[in-house]
Amino acid sequence: MDTLKRLPDSELEVMLIIWNGEGKVSTSDIMQHLKKKKSVQLVQNSLNRLESKGFVKCEKIGRLNHYTPLVSLEAYRSQETASFLEKMYENSGSKLFAALIENNSLSEDDLQTIKAMLEKDEE
Amino acid sequence: MLNELFQGIINTSLAVSAIILLVMLLLPLLHKFYRARVNCLIWAIIAIRLLIPVLPENPPAIAIPLDREMEFFWQQEENIGEIPQMNQEHPVQTVRTERSVQFKSKLDEISPFTLLAAVWLAGTVLFFLHGMESYVRTRKRLLRWSVTIQDKQVCGILEECKKELGIRRNIALYQCSVLNTPILMGFFSPRILLPDVALTEKQIRCILLHELTHYRRRDLWMKLLVMTAGSVHWFNPLVWLMGKKAEEDIETACDAAVLHKSSGAERREYGAVILFFIQANHHTHIPLTTNFFENRHQIVRRFEKIMETKKKHNGTLCMALVLAAAIGSMTLVGFVDVQAANAKPAAVPENGVTVVSKDAAKTRQEQEELYRKDKKAYEAQQEDFQKRVLAVYDSSSADLQAVQMVWPAPGYYNIRMPYGFRYDGTDFHVGIDIADFLENDPDSQEIFGKDVVAAQDGTVVHVQTEYTPGRGYGLCVILDHGDHLSTLYGQLSKITVEEGDAVKAGQKIGEIGSTGFSTGPHLHFEVREAGQAVDPGAYLLPDDAE
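Residue numbers (the numbering used here), protein chains in the order written: chain A, 118 to 240; chain B, 15 to 560.
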């Protein structure tokens, strides 16, 4: 596959849930993980579209549809989010988030200093 | 209005820069002895102070020199220097030229200061909008890649941490697959986003405590405050530097708050979590591109502080001092103003009729100040003068009792040139020029030879009968009215009094002409307080208009 289509928000949300689950994910699992409640029909539409785009494989187990990802999260993400983080930290917009760490480039020396600091106190 | 606001912002920027500089210099000491929280509050005080401009009711402490456009020696009254003699045969033609120049300069008059103010406003709006826009975009992007976390264990830890910190508010927890560090975001609906990596229970606990502490301390609002101050003062590098330092201190203060009762082992754990994320990111970064202001050491410093168990002071006194300085910086500017106001030339005699209007008479300094500060208001005032003159003298109901001086050219009320700047600010006109209304009849020479009368009772102290054509006042008379008040009548064609004569208000002293530096018949009239020419408007118009 050379290029993946950029998924709209609603489809990506569903896709993320499938990626997040291990192995086969049922429709009811997906319904539970949605950020906001949606009708089954809406979710089913998204799933059908994902299937036709080749993102998921559908299997019927019992009465429920079970979905398995055909595209890996990494493959899709790397395509869509290349340099996203760098951009985020460079932007002044990032000043309005409280991140655990800032985007610092750290030299080997610094890393060793820090490690030493954390270990020194261990005695 | 914009000019005043801009002036206020500049004053604030300068005054607060001094405070920022001082705090920066003391920063190592502050960090050593006081809790990081103290620094955050100091930055907050300064940021709030930065957003309150000191509006210049009075002259500012620091005056901004303005570039006058190229020197314009087309004509200069009362000036030395060779000026070609005007052709007296065709005065009308030349008068027209003079008028057109006047009109042109009025159109061209957008002062450099107003231009700067506009640039500042545009910059402020751009910086702020850019900040908000990239925030909104990033937020949208992050949410797109987020899934709610439903893991019972993780949700349990969140509830525990919230309880520990006394937070009741519902805080959403997401897992975001494009993040490489946990973040807190959202001003109104707070959410914590965790990166898509496997974490131990202890790690999650550290992270959540850290982000929840950010939430509890309203750190996002603090960041917004700093960002806003930075946008308004975008031209001031010290404010940017302060923003950088403030962000660092916010982070340190948060660490300190999380760890404030922790043992060495807990601190190590916490440090390890941060190190974990730093290392996880280590290879993904483009090195050095965004690495300004010694980011490198900043992280080492952060770890030093995490491991530091020394007790520190609350710094109440310290903050009180900064607060006092911040408020003081406002009154200081005010104080300078008062001084400047007091320094106004005191040519006020104790008694006599003239006292009433002394304060109203604008001096050259005041006019220049207004011209520099607010050109619009200055022009309005100049135009207003003509209107008021007509209102007082052209109506039959005029109450001339309230006016302190008699109009020196009875029947002629057109102000060709008011007191103040002319020729685009290159020359200051120290009197008023009274002439015909050209609108009525451009070729009118009617005013030539009409009576010039004494404005007040007084003595003739100077009569000038010799003059160089094209230069100076021409034929002119100076009357002394006592109380250090005198009046001057220039460009006359004929003088009917002699030095030493006593004159009554309204008595004829000469006739209107076009001698000296003049392009058409007019009367140049000056009022001088203690030898200094002031705006005659205050004497020729009733007081109540002020």
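C-beta atoms are modelled at their ideal positions from N, C-alpha and C, and glycine is treated no differently.
Taking CB distances under 9 Å as the criterion, tell me whether residue i reaches chain A.
i	result
Cys268(B)	yes
Gly285(B)	yes
Phe291(B)	yes
Gln400(B)	no
Asp233(B)	yes
Ser276(B)	no
Leu157(B)	yes
Glu382(B)	no
Ile1(B)	Since the displayed chain B opens at 15 and closes at 560, residue 1(B) lies outside it and no answer follows.
Ile264(B)	yes
Arg282(B)	yes
Val30(B)	no
Leu187(B)	no
Gly145(B)	yes
Ile34(B)	no
Might you give, ordered along the chain, the residues of its own chain that have their beta carbon closer than 6 Å to the beta carbon of residue i, omitting 5 neighbours on each side?
i	result
Arg63(B)	Val30 and Ala340
Gly137(B)	Trp248
Leu252(B)	Ser31 and Ile34
Arg51(B)	Ala267
Trp136(A)	Pro186 and Leu190
Leu187(B)	Ile163, Leu172 and Ile206
Does any C-beta atom of chain B lie closer than 9 Å to the C-beta of residue i?
i	result
Asn137(A)	yes
Gln158(A)	no
Lys170(A)	no
Asp227(A)	yes
Leu213(A)	yes
Leu167(A)	no
Lys232(A)	yes
Leu164(A)	no
Considering Cα atoms alone, identify which of the options is closest to residue i.
i	options	result
Gln164(B)	Gln189(B), Lys176(B), Asn184(B) and Glu174(B)	Gln189(B)
Val475(B)	Arg282(B), Asp388(B) and Cys490(B)	Cys490(B)
Ser507(B)	Ile461(B), Asp494(B) and Gln521(B)	Ile461(B)
Glu237(A)	Gln293(B), Ala279(B) and Ser160(B)	According to the sequence shown, residue 237(A) is Lys rather than Glu. Comparing Cα-Cα distances from Lys237(A) to each of Gln293(B), Ala279(B) and Ser160(B), the minimum goes to Ala279(B).
Glu167(B)	Tyr284(B), Arg158(B), Glu215(B) and Val211(B)	A small correction: the amino acid at residue 167(B) is Gln; Glu does not occupy that position in the sequence shown. When each option's Cα is compared against that of Gln167(B), the closest is Glu215(B).
Tyr48(B)	Cys332(B), Ile288(B), Arg281(B) and Glu283(B)	Cys332(B)
Glu265(B)	Pro251(B), Leu16(B), Ile320(B) and Ser245(B)	Ile320(B)
Gln396(B)	Leu40(B), Lys387(B), Arg436(B) and Gly425(B)	Arg436(B)
Pro422(B)	Gln400(B), Lys401(B), Asp441(B) and Asp447(B)	Asp447(B)
Ser169(A)	Gly179(A), Asp146(A) and Leu187(A)	Leu187(A)
Tyr193(A)	Phe172(A), Arg180(A) and Leu213(A)	Phe172(A)
Lys232(A)	Gly504(B), Leu289(B), Phe399(B) and Ala405(B)	Leu289(B)
Arg219(B)	Val192(B), Ala186(B), Glu174(B) and Leu239(B)	Glu174(B)
Leu135(B)	Thr195(B), Leu19(B), Ser148(B) and Ala212(B)	Leu19(B)
Tyr427(B)	Gly445(B), Ala449(B), His443(B) and Thr26(B)	Ala449(B)
Pro424(B)	Gly439(B), Asp441(B), Val403(B) and Thr440(B)	Val403(B)
In chain order, what residues of the same chain have a beta carbon less than 8 Å from the beta carbon of residue i, not counting five sequence neighbours either side?
i	result
Met419(B)	Ala469, Gln470, Thr501, Ala519, Val541, Pro550, Tyr553 and Leu554
Arg281(B)	Leu273, Ile320, Met321 and Thr323
His443(B)	Glu91, Met431, Pro432, Tyr433, Gly434, Phe435 and Arg436
Ala271(B)	Arg51, Thr227 and Arg231
Using a Cβ-Cβ cutoff of less than 7 Å, which residues in the same chain neighbour residue i once the five nearest sequence positions on both sides are dropped?
i	result
Glu128(A)	Ser163, Arg166 and Leu167
Gln521(B)	Val467 and Ala468
Gly463(B)	Ser507, Glu525 and Ile526
Asp263(B)	Ala50, Asn53, Cys54 and Trp57
Ala243(B)	Ala61, Leu64, Leu65 and Val253
Gly285(B)	Phe317, Ile320 and Met321
Lys122(A)	Lys170
Glu308(B)	Note on Glu308(B): pLDDT 44, under 50, position unreliable in the model; the coordinate value appears next. Taken in chain order, the list of residues that qualify is empty.
Does any CB atom of chain C fall closer than 9 Å to the CB of residue i?
i	result
Leu121(A)	Among the protein chains in the structure shown, which are A and B, there is no chain C.
Item to complete: Check distances from the C-beta atoms of the segment 172 to 195 of chain A to those of chain B and list, in chain order, the residues that come in under 8 Å.
Response: Leu190 and Arg194
Worksheet item: Hey, which unbroken runs of the beta strand (DSSP E) at 3 residues or more fall wholly within the segment 185 to 215 of chain B?
Response: 186 to 190, 197 to 199 and 205 to 209
Worksheet item: At what residue ranges does the segment 139 to 187 of chain A contain a whole run of the beta strand (DSSP E), taking only runs of 3 or more?
Response: 173 to 178 and 181 to 186
Discussion item. Against chain B, which members of the segment 127 to 151 of chain A pass a CB distance test of less than 8 Å?
Written reply: Leu129, Glu130, Leu133, Ile134, Trp136, Asn137, Gln149, His150 and Leu151
Practice prompt. Quick one: which residues of the segment 164 to 179 of chain B get their C-beta closer than 8 Å to a C-beta of chain A? List them in chain order.
Written response: Gln164
Worksheet item: Given a limit of 7 Å on CB to CB distance, which residues of the segment 204 to 230 of chain B reach chain A?
Response: Ile221, His224, Glu225 and His228
Discussion item. Please give the ranges of any alpha helix (DSSP H) in the segment 160 to 187 of chain B, keeping only runs that are unbroken, at least 4 residues long and fully inside the region.
Written reply: 166 to 179
Item to complete: Give, in chain order, every residue of the segment 312 to 328 of chain B whose Cβ lies closer than 8 Å to some Cβ of chain A.
Response: Gln312, Ile313, Val314, Phe317, Glu318 and Met321
Fill in: Whole beta strand (DSSP E) elements within the segment 457 to 528 of chain B, 3-residue minimum
465 to 467, 472 to 478, 489 to 494, 499 to 509 and 522 to 526
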